[in-house]
Amino acid sequence: VIGFRAPDLGVNENLYRTLKDFNFVYDTSGIGAPDLWPMKDTFGIWHIPLGVIELGPRRLPTISMDYSIWILQSGGYDNVKRGTVEWERQYKEVFEAFMSYFNVNYEGGRAPVVIANHFTKMNDGVYWEAMKDFASEVCGKPYVRCSTFKTLVNYLNVYGVPDVLN
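Numbering-wise, the sequence shown is residues 15 to 180 according to the working numbering.
And the structure:
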């Protein structure tokens with residue numbers, strides 16, 4: 015294990031000191047603008063942030079994580095069933111938010127798209143289905159690599175963040 019995501023995304027300087035002491039190389043507990051590239055801190059830990067996406071017709075900002083989306087859409091209640099109008103509405107909102115996040119980066123500064131998924135069946139699997147369909151849509155596009163954090167960190171260690179962004 016070379017990476018970490020803090021429970022409740024709670025971090026502090028002592029955490030990063032400890033991660034360094036145990037030879038971790040990245041942390042994915044941060045949150046940032048959708049087009050934010052990872053950054054390396056003074057402990058040598060790469061910070062790979064979750065993006066903030068805009069959800070639904072009101073474009074409500076939320077973290078690109080299934081749990082955060084579930085809280086926003088359903089208040090934390092597992093009350094949506096596949097095959098209903100509400101399930102389809104939630105699916106569409108999530109899929110479109112993921113695609114918008116991707117397109118901003120694909121057509122812009124090419125920052126990594128980071129979406130967290132717990133692979134659970136919250137709201138009868140709506141977030142898992144949206145993630146699968148999103149991955150099917152974008153992973154085959156030119157110059158797109160759908161990869162692990164380890165592969166991303168290896169890339170960043172070799173090439174760094176693009177000079178255009180520095």
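Quick reminder that beta carbons are idealized off the backbone N, C-alpha and C, glycines included.
Per DSSP, cross-strand counterpart(s) of residue i
i           : result
residue 75  : 68
residue 53  : 61
residue 130 : 79
residue 40  : 17 and 60
Supposed close pair residue i, residue j - CB separation, criterion 8 Å
i          : j           : result
residue 63 : residue 128 : 7 Å
residue 84 : residue 138 : Not a contact, Cβ separation roughly 11 Å.
residue 35 : residue 125 : So it is not a contact: roughly 29 Å between Cβ atoms.
Coarse secondary structure for residue i, derived from DSSP in three states
i           : result
residue 174 : coil
residue 46  : strand
residue 18  : strand
residue 106 : helix
residue 138 : helix
residue 30  : helix
residue 122 : coil
residue 92  : coil
residue 98  : coil
residue 115 : helix
residue 165 : helix
residue 180 : Only weak support exists for where residue 180 lies, its pLDDT of 43 falling under 50; the value from the coordinates is given anyway. Three-state DSSP puts residue 180 in coil, outside helix and strand.
residue 245 : Not covered by the structure: residue 245. The range shown for the chain is 15 to 180.
residue 25  : coil
residue 152 : helix
Residue i to residue j span [Cα, whole Å]
i           : j           : result
residue 38  : residue 59  : 7 Å
residue 108 : residue 19  : 22 Å
residue 180 : residue 52  : At residue 180 the pLDDT is 43, less than 50, meaning the model places this residue with poor confidence; the figure from the coordinates comes in the next sentence. Approximately 12 Å between the Cα atoms of the pair.
residue 151 : residue 160 : 11 Å
residue 77  : residue 69  : 10 Å
residue 147 : residue 122 : 22 Å
residue 184 : residue 29  : Because residue 184 is not part of the residues shown, which for the chain are 15 to 180, the question remains open.
residue 17  : residue 82  : 21 Å
residue 65  : residue 44  : 9 Å
residue 172 : residue 165 : 11 Å
residue 111 : residue 67  : 6 Å
residue 79  : residue 41  : 15 Å
residue 170 : residue 93  : 41 Å
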